[in-house]
Every structure is written in C-alpha cells, then in structure tokens.
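Trainee: Quick one: structure below, then a few questions.
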Amino acid sequence: MEKIIARQLIKKTDTSEIMGYELLVQNDAESLYNSSVDSAAANAMTAFLTENSSKIFRDRKTFMTFTPALLFRNTPKIFDKDMIVIQIEDNVVIHPLASILIEKYREEGYHFAINDFQFIPKYFSMLEYVDYIKVKVTGEEEDRERRSLENVVEMAHGFGKEVIATSINTKEAFLLAKEIKTDYVEGAYISDTSVSKVGKMEYLQGNLYQLIMEVTKDEPDMEVMEQIVTRDAALTYALLKMANSAYFSAKHRTASVRQAIMRVGINQLKQWVYLLSFREEESGTEELMKTSFMRANFAAALVKKMEHFPIDPADAYLMGMFSTLECMIDATMEEILNEIPIVEEVKKALISGEGEAGTLYHLILAYERADWTEIKKLSDELGLQTNVMAQIYMECVEEVSEIWENVVAKA
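The numbering used here applies: residue 10 is where the sequence shown begins, and numbers increase by one.
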C-alpha cells in the first residue's frame, strides 16, 4: 500500500501559538481510511505507525484519525496517551461497538476529537467522550450555514469542549473561524501564514548560545560549529554574506559553511556571535526557523534518492534553508540570493520555481499543505515513490524535533 503522510499545524485562533499537529494520510482507493477498509490495509498502516511512532509523536499533541479496525487492533496504545488525540469519523460513530471502544480508551486516559461534527443524535451521543469538536469552515458559507456553525461552537463551549476549525485554506475562512469564536484553526492558509515576516533578521537564542559556547573553547570543533550554523537560516545566510564580503578579500566566493568559518576565522567568529547575542528575538522566529530546517533536511534527503539530479544534497539543503529568507529580510528573493554564491539551479528554483530543483521545491511545499494531488503529480515527475517519501519525511520530522528540543533547552 502506498502511503503519503504529512503533518499539518493546528494553531490557536487568536494567537500564533501552536497547539499541535494533525497527522494526515492520503485517502484513496487503497487507503485504510476508505470506507471499504480491509485487514491488509489496516495491518499495513499499523506496521508503519509502529515503526515510526517515536518520529511522529514527540513535540506537541498529534491528532490522528483511527478507524474501527485500528481501534480494535489497539493501535493507539503504541503512542503516549498524553501526546495523541484519537480522531473519530462517521465510520466509528455509527459502529455498534463505538461507545464501548471509546469508553475503554477514555478510562485509560486517551483523548478524543470528532471530525466534521454534525447536528444529529448519533454525534451528540459521543459528546461525553470527546475533548475536541472539529468543524469544516471554508469561508464560502451562506448565512444559514454560518448560523449553523455558530450554533455548533456555542453548543460545544456550553459542554466544555474546544472547537477546531478545519479546511482553513483562505483568509476568508480564517476570518470566519475567528468571527464564530473557534478555539483553534487548521489548514493550508494556517501553514502558509506560519511562515510570515518576523520584521527583521533574527537568530534563535539557543543556536547562538551553543555557538558561543563552542567558539570560546580552547579548541573549537569545526564540525560542531558547522552543525549549529546550518540549522539556522539566518545564521547561515549572514555568515556566507560576511565570508564573501570585500573585507575578507577572497578570490573565490563560497557557499560552504565550513569554508566560510575557516575564512572568517575563530577570532572574528567570536566577535560576530557576541554582537548577535545582544539582539532581541521577535515572536514567530522559532517556527520560521523550524520550517526552514525541516525543508532543508527533507530536500537533501530526497535528492539522495534521485540519480543524476542537477543539484547535490548540500545545494538542496541550502535551497530548503534559504526558502524562508524573504520572511526575514526586507528584500525580494532575487536580491537576497545575489548576495551569496549559490548554484544557478537553486536560485531559479527559489525565485521562479524553474527546473527540476524547482519541481522538488514545490513538492516540499505541497507536502506542507498535504496537497495529495500535487504531491503525486510532482513525485511522479521526479521519479520518487510516495511510500519512500513518507518514510523519509518521518525521519526528518524526528531529526528536526530532536534537534529543536536541544536548541530550545539551551535558549
């Protein structure tokens, strides 16, 4: 069974705070989420989740839809009950053993959400078991539909439940979700706006702290310094720009972080990071940096799976890392990239989406939006198998989450 899996942000409606993620699995004829689900499909997904449980569920709550087949197989028990929210849909609500199943999990401390809540008796019978109610909001609803959504939200709050507005793919949908007072929002628009301008060039304090600690050692480790810099888009860009400036009078420009560190030298590097450490960090920077780091790791890992690709993994890494620079610097992508010597294929990909590198870049963005149609189309163009991509994606999620925990802990 081919699997395409992605994580989508769930944020508080009135703030930029991330509450959790939804694990999205492509719904197609072979998927276990199809109404004609069979044991083979359920077993395949159970195996996949078992193998990847530590990669999926670690930094924030993760919402995942479970079918009756997965619930009967005790699949939720693979995961930490404090980190997972079991989503149920109509196929569970109408199941004759639904209340018994759900009550059993509730007694063990698991939390539930109802997808696409409806004003009908069978959904009301589930209310006592759930913590979250999810409603679809498109922004194109007629007055009657809007009133119905308002009634659902008011009813949910009356029962002490929180409401998540899904399918927030446009600004209009987001504004409606705010108007009817939903607690959380989820959708392509939310994922896109999480990568928004932070106002000025910012660096994560955790990265700076670790870099300061390393450069002040008697014998700084070049590999460690390189690792710290290359997980921060702003640090990478600023270092490369400095190393290629006229001050260092270099004959050859470089897009290598290691070469840039060697060219700048430890003494200059110390002065530079000390100056940066006095800057105040703005809200929104952490999620922006995390997005660029995830894109960088995913792009580099995918390139390793393709033969005769026009850019190598190191260039692909820079493509993902620099994809958010327009959100940090008040300039166009073209102006930003002219400051540093990266390969032409990466420039074209980030500026206009051209070439095979551009196709890869758009594939990564489609993955963030969980745009299954676009993912399938672009992966076919690049000759990537979607089930292989799913595994790579989960490995990147784990790596980014693990490193970020370390960065935040040192901040």
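Quick reminder that beta carbons are idealized off the backbone N, C-alpha and C, glycines included.
Report buried or exposed for K209, applying the criterion of at least 16 other Cβ atoms within 10 angstroms of its Cβ.
Mentor: In this prediction, K209 scores a pLDDT of 47, lower than 50, which makes its location untrustworthy; the coordinate-derived value is nonetheless stated afterwards. Exposed is the call here.
Trainee: Check L18 in the structure and name its three-state DSSP category.
Mentor: Three-state result, L18: strand.
Trainee: Return the first residue and the last residue of the alpha helix (DSSP H) that F331 is part of.
Mentor: Run containing F331: P322 to F331, per the alpha helix (DSSP H) assignment.
Trainee: Throw me the rounded Cβ distance for the K143 and T175 pair, which I believe falls under 8 Å.
Mentor: Rounded, the Cβ-Cβ distance is 5 Å, consistent with contact.
Trainee: Can you give the Cα-Cα distance for T76 and I123, rounded to whole angstroms?
Mentor: The straight-line gap from Cα to Cα measures roughly 12 Å.
Trainee: For the region 305 to 316 against the region 221 to 231, are there 3 or more C-beta pairs whose distance is under 8 Å?
Mentor: Segments in contact, no.
Trainee: If I measure Cβ to Cβ from E26 and keep anything under 7 Å in the same chain, skipping five residues before and after, which residues do I get?
Mentor: Same-chain partners within the cutoff: K20.
Trainee: For I423 and N216, which I take to be in contact (beta-carbon distance under 8 Å), what is that distance rounded to the nearest angstrom?
Mentor: With the chain running from 10 to 420 in the structure shown, residue 423 is simply not present.
Trainee: Return the residue from the list V266, M251, L249 and A243 that minimises the CA-CA distance to V233.
Mentor: Per the Cα distances, V266.
Trainee: Could you check the C-alpha separation between L244 and K385 for me, to the nearest Å?
Mentor: Roughly 34 Å separates the two Cα atoms.
Trainee: Is N178 near the ligand NAD, with its Cβ less than 7 Å from a heavy atom?
Mentor: Ligands displayed in this structure: none; no statement on the ligand NAD is therefore possible.
Trainee: Where do the N-terminal and C-terminal ends of the alpha helix (DSSP H) with A174 fall, by residue?
Mentor: Careful: A174 lies outside any alpha helix (DSSP H), inside the beta strand (DSSP E) at E171 to T175.
Trainee: In this structure, what does DSSP give as the bridge partners for G29?
Mentor: Per DSSP, I19 and K70.
Trainee: Measure the C-alpha to C-alpha separation of W441 and E348 and round it to an integer number of angstroms.
Mentor: It is not possible to answer for residue 441, since the shown part of the chain is limited to 10 through 420.
Trainee: Taking all protein chains shown into account, do 16 or more other C-beta atoms lie within 10 angstroms of the C-beta of T341, making it buried, or fewer, making it exposed?
Mentor: Result: exposed.
Trainee: Is F307 helix, strand or coil by DSSP?
Mentor: Three-state DSSP puts F307 in a helix.
Trainee: What is the rounded straight-line gap between the Cα of N178 and the Cα of E383?
Mentor: Between N178 and E383, the C-alpha separation is close to 15 Å.
Trainee: How many angstroms separate the CA atom of P319 from the CA atom of Y114?
Mentor: Cα-Cα distance, rounded: 50 Å.
Trainee: Please list the terminal residues of the continuous alpha helix (DSSP H) segment that includes F81.
Mentor: That run of the alpha helix (DSSP H) goes P77 to F81.
Trainee: Using only the alpha-carbon positions, how far apart do S292 and K279 sit?
Mentor: Any reading at S292 is ruled out, since the residue's pLDDT is 46, under 50, leaving its predicted position unreliable.
Trainee: Does any residue of chain C have a CB that is nearer than 8 Å to the CB of L158?
Mentor: Of the chains in the structure shown, none is chain C; there is only one protein chain.
Trainee: Quick one: Cα of S408 to Cα of F302, how far?
Mentor: The residue you asked about is not Ser; residue 408 is Glu in the sequence shown. The straight-line gap from Cα to Cα measures roughly 10 Å.
Trainee: Nearest CA to the CA of R82: which residue from L110, L248, D99 and E137?
Mentor: Considering only alpha carbons, the answer is L110.
Trainee: My understanding is that Y402 touches I14, with C-beta atoms under 8 Å, so please give their C-beta distance in whole angstroms.
Mentor: With 8 Å as the limit, Y402 and I14 qualify as a contact, their Cβ atoms being about 7 Å apart.
Trainee: Taking all protein chains shown into account, do 16 or more other C-beta atoms lie within 10 angstroms of the C-beta of D23, making it buried, or fewer, making it exposed?
Mentor: The residue in question, D23, is exposed, as its Cβ has fewer than 16 Cβ neighbours within 10 Å.
Trainee: Report yes or no: do three or more beta-carbon pairs, one from the region 352 to 372 and one from the region 326 to 333, lie closer than 8 Å?
Mentor: Counting Cβ pairs under 8 Å, three or more are found: they touch.
Trainee: Answer yes or no: do E98 and D125 have a C-beta to C-beta separation smaller than 8 Å?
Mentor: The answer is yes: Cβ separation under 8 Å.
Trainee: Going by DSSP, name the residue or residues bridged to E335.
Mentor: DSSP lists no partner for E335.
Trainee: In chain order, which continuous runs of the beta strand (DSSP E) of length 3 or greater are located wholly inside the region 110 to 198?
Mentor: List check, beta strand (DSSP E) in window: 120 to 123, 141 to 145, 171 to 175 and 193 to 195.
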